[in-house]
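Undergrad:
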Amino acid sequence: MSGKRALITGITGQDGAYLAQLLLEKGYAVSGIVRRSSHAGVYDHRLKWLGIAKDVSLLDGNLLDLSSLARSIQEVQPDEIYNLAAQSFVTASWQQPLLTGQVTGLGAVNLLECVRTLRPDARYYQASSSEMFGLIQEQVQSEATPFYPRSPYGVAKLYAHWMTINYRESFGLHASNGILFNHESPVRGVEFVTRKVTDGVARIKLGLAEELRLGNIDAKRDWGHAKDYVRAMWMMLQQEKPDDYVIATGRTTTVREMCEIAFRHVGLSIDDHLVIDPKLFRPAEVDVLLGDPAKAEKAFGWKAEITLETMIREMVDADLARLRKAA
Ligand code: NDP
Ligand code: GDR
0 MSGKRALITG
10 ITGQDGAYLA
20 QLLLEKGYAV
30 SGIVRRSSHA
40 GVYDHRLKWL
50 GIAKDVSLLD
60 GNLLDLSSLA
70 RSIQEVQPDE
80 IYNLAAQSFV
90 TASWQQPLLT
100 GQVTGLGAVN
110 LLECVRTLRP
120 DARYYQASSS
130 EMFGLIQEQV
140 QSEATPFYPR
150 SPYGVAKLYA
160 HWMTINYRES
170 FGLHASNGIL
180 FNHESPVRGV
190 EFVTRKVTDG
200 VARIKLGLAE
210 ELRLGNIDAK
220 RDWGHAKDYV
230 RAMWMMLQQE
240 KPDDYVIATG
250 RTTTVREMCE
260 IAFRHVGLSI
270 DDHLVIDPKL
280 FRPAEVDVLL
290 GDPAKAEKAF
300 GWKAEITLET
310 MIREMVDADL
320 ARLRKAA
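Start counting the sequence shown at 0; every next residue gets the next number (numbering that gives the first Met the number 0).
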């Protein structure tokens, strides 16, 4: 046992589940904040999928409710706090811009305020995003690239990002931003494009669907695996000094190419099943993302290990297994 205690917001999400798994392996006592929903009982499906549901302590709370965050911090007395909770789906941020601003932007400040007043020596991680780069300013994005967010989500993340820097500089908090590029896994939400594709391909393969409807397949993303990326979160908080780091693979791929990997894996052709649906295009698009993770590699030796091909094949196989089990 490391004897350390970690508190994770967003523990029921993709990254929260993988991070909890990593911290448990390292001997941490892991607690997470979960919000009440009418679907109580299914909220921890990712933790169950990773086989760790019984190993973490869950506390009721909400990023919008400062008192619940304060109570959680007082109860857990964490050494490390990871703020992963957010309204994280870019498309939904145009439909719910105010909620996105409140949760993804101001929610982080609710938590920072609690850290400042109740647990100022704890180390704090903020889940910043490559969406903050938005409209391309430089071909390869690093910590020095100017921001130009293109969605209410990106704008909200940028606010939380700068507030994290401000609390570090104003109050001396050990607070770091991880500027993470897209990362996926078999427990990625099905609304995001990789999982939509792997789930869709698995359904077509099993005869449960005929087509896959997508929007802009020319968009390019720098995709990595969540398992690699949560390792970077933890490494950031082990550094003596807090700082901000880009976490990416350094390779960019179109949505179409990513799709082709998935179809090829099950012996199908993209041309027989892909339908472009203009309704799925976004009001403003981030056309291309490509990150330079050199700073993180130099500071603490982080490197992405899992390739896009390996990850997409793992996701398709997991979706095939899930669907076969459900049949
Ligand atoms: P998910 O959408 O899978 O998880 C989001 C989590 O936030 C869920 O646990 C959700 O709870 C929780 N949540 C949402 N609203 C609230 C609220 N008001 N109070 C408390 N909890 C709330 O996201 P990921 O795991 O993929 O991402 C983790 C973080 O990293 C997010 O902040 C995301 O914006 C950011 N990020 C993600 C990247 C990626 O590619 N995955 C890249 C860069 C940044 P519930 O289960 O109840 O819905
Ligand atoms: P993104 O991820 O917006 O980059 O945000 P998403 O997978 O939703 O979109 C990636 C790209 O694919 C295009 N696309 C589609 N996207 C979805 N979701 N559904 C479709 O049918 C579809 N067709 C084409 C999109 O237009 C886009 O260009 C993710 C989230 O995890 C954020 O929380 C995180 O901050 C960023 O990654 C980095």
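Note that the Cβ used here is the ideal one computed from N, Cα and C, for glycine as well.
Is the beta carbon of residue 113 sitting closer than 8 Å to the one on residue 164?
TA: On the sequence shown, residue 113 is found 114 positions in, with the first residue counted as 1. On the sequence shown, residue 164 is found 165 positions in, with the first residue counted as 1. For residue 113 and residue 164, no; Cβs fall outside 8 Å.
Undergrad: From this set, 147, 207, 213, which residue's C-alpha is nearest residue 194's C-alpha?
TA: Counting from one through the sequence shown, the residue named residue 194 turns up at place 195. The residue with the shortest Cα to Cα distance from residue 194 is 213.
Undergrad: What are the start and end residues of each continuous alpha helix (DSSP H) run of 4 or more residues lying completely inside the stretch 81–131, in chain order?
TA: DSSP runs (the alpha helix (DSSP H)) wholly in the stretch 81–131: 91–94, 96–99, 106–117.
Undergrad: When the Cα of residue 40 is compared with those of 118, 11, 253, which residue comes out closest?
TA: Within the sequence shown, the letter at position 41 stands for residue 40. Cα-wise, what sits closest to residue 40 is 11.
Undergrad: Taking Cβ to Cβ, would you say residue 159 is nearer than 8 Å to residue 107?
TA: One-based indexing of the sequence shown puts residue 159 at position 160. One-based indexing of the sequence shown puts residue 107 at position 108. Closer than 8 Å, so yes.
Undergrad: In terms of alpha-carbon separation, which member of 135, 233, 62, 148 lies closest to residue 109?
TA: For the purposes of this step, residue 109 is taken as the residue at position 110 of the sequence shown. Considering only alpha carbons, the answer is 62.
Undergrad: What do you get for residue 53, buried or exposed, if any count of 16 or more other CB atoms within 10 angstroms of its CB means buried?
TA: For this step, residue 53 is matched to residue 54 along the sequence shown. Flag for residue 53 reads exposed.
Undergrad: Comparing the CB of residue 309 with every heavy atom of the ligand NDP, is any distance shorter than 7 Å?
TA: Walking along the sequence shown from the start, residue 309 turns up at place 310. No - the ligand NDP has no heavy atom lying nearer than 7 Å to the Cβ of residue 309.
Undergrad: For residue 219, collect the residues of the same chain with a Cβ closer than 6 Å to its Cβ; drop the 5 residues on either side in sequence, then sort them by chain order.
TA: Here the question's residue 219 lines up with position 220 in the sequence shown. 251, 253, 287, listed in sequence order.
Undergrad: Is the Cβ-Cβ distance between residue 26 and residue 57 less than 8 Å?
TA: Numbered from 1 along the sequence shown, position 27 holds the residue referred to as residue 26. Numbered from 1 along the sequence shown, position 58 holds the residue referred to as residue 57. No, the pair does not count as a contact, with Cβ atoms beyond the cut-off.
Undergrad: Please determine, among 137, 271, 233, the residue with the shortest C-alpha to C-alpha distance to residue 300.
TA: Counted from its first residue, the sequence shown places residue 300 at position 301. The candidate whose alpha carbon is nearest that of residue 300 is 233.
Undergrad: Taking the alpha carbon of residue 314 as the reference point, which residue from 188, 206, 210, 290 has its own alpha carbon closest?
TA: Position 315 of the sequence shown holds residue 314. The residue with the shortest Cα to Cα distance from residue 314 is 188.
Undergrad: Can you tell which of 317, 305, 320, 289 has its C-alpha closest to the C-alpha of residue 142?
TA: As a position in the sequence shown, residue 142 is number 143, starting the count at 1. Out of 317, 305, 320, 289, 289 has the C-alpha closest to the C-alpha of residue 142.
Undergrad: Report the three-state DSSP secondary structure of residue 176 (helix, strand or coil).
TA: In the sequence shown, residue 176 corresponds to position 177, counting from 1. Here residue 176 sits in strand by DSSP.
Undergrad: Does the stretch 274–285 come into contact with the stretch 82–98, if we say contact requires no fewer than three beta-carbon pairs (one atom in each stretch) closer than 8 Å?
TA: Contact between the stretch 274–285 and the stretch 82–98 is present, because at least three Cβ pairs lie under 8 Å.
Undergrad: Kindly examine the ligand NDP and report whether one of its heavy atoms sits closer than 7 Å to the Cβ of residue 189.
TA: Locating residue 189 in the sequence shown gives position 190, where the first residue counts as 1. Every heavy atom of the ligand NDP is 7 Å or more from the Cβ of residue 189, so no.
Undergrad: Apply the 10 Å Cβ neighbour rule to residue 76 and answer buried if 16 or more other Cβ atoms are within range, or exposed otherwise.
TA: Sequence index remark: in the sequence shown, residue 76 carries index 77 (1-based). Exposed, because fewer than 16 other Cβ atoms sit within 10 Å of the Cβ of residue 76.
Undergrad: I'd like to check one pair, residue 199 with residue 124: are the Cβ atoms closer than 8 Å?
TA: Counting from 1 along the sequence shown, the entry for residue 124 is found at position 125. Counting from 1 along the sequence shown, the entry for residue 199 is found at position 200. Cβ distance not < 8 Å, so residue 124 and residue 199 don't count as in contact.
Undergrad: Helix, strand or coil: which one does DSSP assign to residue 66?
TA: For this step, residue 66 is matched to residue 67 along the sequence shown. Three-state result, residue 66: helix.
Undergrad: Please list, in chain order, all residues with a C-beta atom less than 5 Å from at least one heavy atom of the ligand GDR.
TA: Counting every residue whose Cβ lies closer than 5 Å to a heavy atom of the ligand GDR, we get 87, 89, 128, 129, 130, 181, 191, 192, 213, 214, 215, 218, 254, 279.
Undergrad: Determine the extent of the beta strand (DSSP E) in which residue 321 is found, giving its start and end residues.
TA: In the sequence shown, residue 321 corresponds to position 322, counting from 1. Segment 307–325 is the alpha helix (DSSP H) holding residue 321; no beta strand (DSSP E) there.
Undergrad: Less than 8 Å separating the beta-carbons of residue 138 and residue 145?
TA: Translated into positions along the sequence shown, residue 138 becomes position 139. Translated into positions along the sequence shown, residue 145 becomes position 146. Not a contact, by the Cβ cut-off of 8 Å.
Undergrad: Using CA coordinates, which residue listed in 15, 21, 203 is at the minimum distance from residue 186?
TA: One-based indexing of the sequence shown puts residue 186 at position 187. The residue with the shortest Cα to Cα distance from residue 186 is 15.
Undergrad: Considering only the alpha carbon of each residue, which of 324, 269, 229, 225 lies closest to residue 306?
TA: For the purposes of this step, residue 306 is identified with residue 307 of the sequence shown, where counting begins at 1. Among 324, 269, 229, 225, the Cα nearest to that of residue 306 is on 225.
Undergrad: Which partner residues of residue 223 appear in the DSSP bridge assignment?
TA: Sequence index remark: in the sequence shown, residue 223 carries index 224 (1-based). Its beta-bridge partners are 182.
Undergrad: Do residue 291 and residue 249 have their beta-carbon atoms positioned less than 8 Å apart in this structure?
TA: Looking up residue 249 in the sequence shown gives position 250. Looking up residue 291 in the sequence shown gives position 292. Yes, Cβ-Cβ distance for residue 249 and residue 291 is below 8 Å.
Undergrad: Would residue 221 and residue 191 qualify as a contact pair, given that the criterion is a beta-carbon distance under 8 Å?
TA: For the purposes of this step, residue 221 is taken as the residue at position 222 of the sequence shown. For the purposes of this step, residue 191 is taken as the residue at position 192 of the sequence shown. Not in contact: residue 221 and residue 191 (Cβ atoms no closer than 8 Å).
Undergrad: By the 10 Å Cβ neighbour count, where 16 or more other Cβ atoms means buried, how is residue 182 classified, buried or exposed?
TA: Along the sequence shown, read from residue 1 onward, the residue named residue 182 stands at position 183. Buried, since its Cβ has 16 or more Cβ neighbours within 10 Å.
Undergrad: Taking its Cβ as the centre, do 16 or more other Cβ atoms sit within 10 Å of residue 184, making it buried, or is it exposed?
TA: Locating residue 184 in the sequence shown gives position 185, counting from the first residue. That one is buried.
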